[in-house]
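Residue 10 in our numbering sits at position 9 of the sequence shown, with consecutive numbering throughout. Think of the CB as a built atom: it goes at the ideal place given N, C-alpha and C, for glycine as much as any other residue.
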Amino acid sequence: MQYFVVMIDYGRRGREAIVDPEITRREVISRVASGEYQNISFIHEIVESSVEDVTEAVLTEAALPQIPPDEVDLQATHLDHAHDLRKHERT
């Protein structure tokens with residue numbers, strides 16, 4: 002069995018552990034990225050009888066935008082950069 006424990010810190014009001022065996026890693030990342038989970042103390046992944054702290058990995062994944070490779074136009078990006086450089090040239 003695998004599940005995640007997300008510990009939320011409410012300051013003086015205390016802490017809350019959110020444990021849902023139905024939730025996947027992708028769903029945890031989605032909730033962190035959407036702001037549903039804030040003030041996270043830690044995120045633990047429980048697999049069978051082992052516990053792993055995945056806080057940094059999940060927070061990193063939640064912060065990065067997902068851009069499919071086919072939507073990136075490298076030539077346009079290069080031309081935009083060249084145009085920006087020309088703006089700052091001395092005449």
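Straight-line gap, residue i to residue j (C-alpha atoms, nearest Å)
i: I9; j: E49; result: 23 Å
i: R91; j: Q76; result: 25 Å
i: E23; j: M2; result: 10 Å
i: R27; j: R16; result: 23 Å
i: E57; j: R32; result: 15 Å
i: G12; j: L86; result: 48 Å
i: R55; j: T25; result: Inspection of the sequence shows that residue 55 is occupied by Val rather than by Arg. Spanning the two alpha carbons is a distance of roughly 13 Å.
Which residues DSSP lists as bridging residue i, in chain order
i: H45; result: V6, D54
i: E28; result: E28 pairs with nothing; no bridge assigned.
i: A64; result: None; A64 has no bridge partner.
i: R16; result: D10
Cβ shell of residue i (< 6 Å), same chain only, five flanking positions each side left out
i: D21; result: none
i: V6; result: A18, V20, H45
i: A34; result: A63
Cβ pair residue i, residue j closer than 7 Å
i: I47; j: Y4; result: yes
i: E53; j: I30; result: no
Spatial neighbours of residue i in its chain, beta-carbon cut-off 8 Å, leaving aside the 5 residues before and after
i: Q39; result: I9
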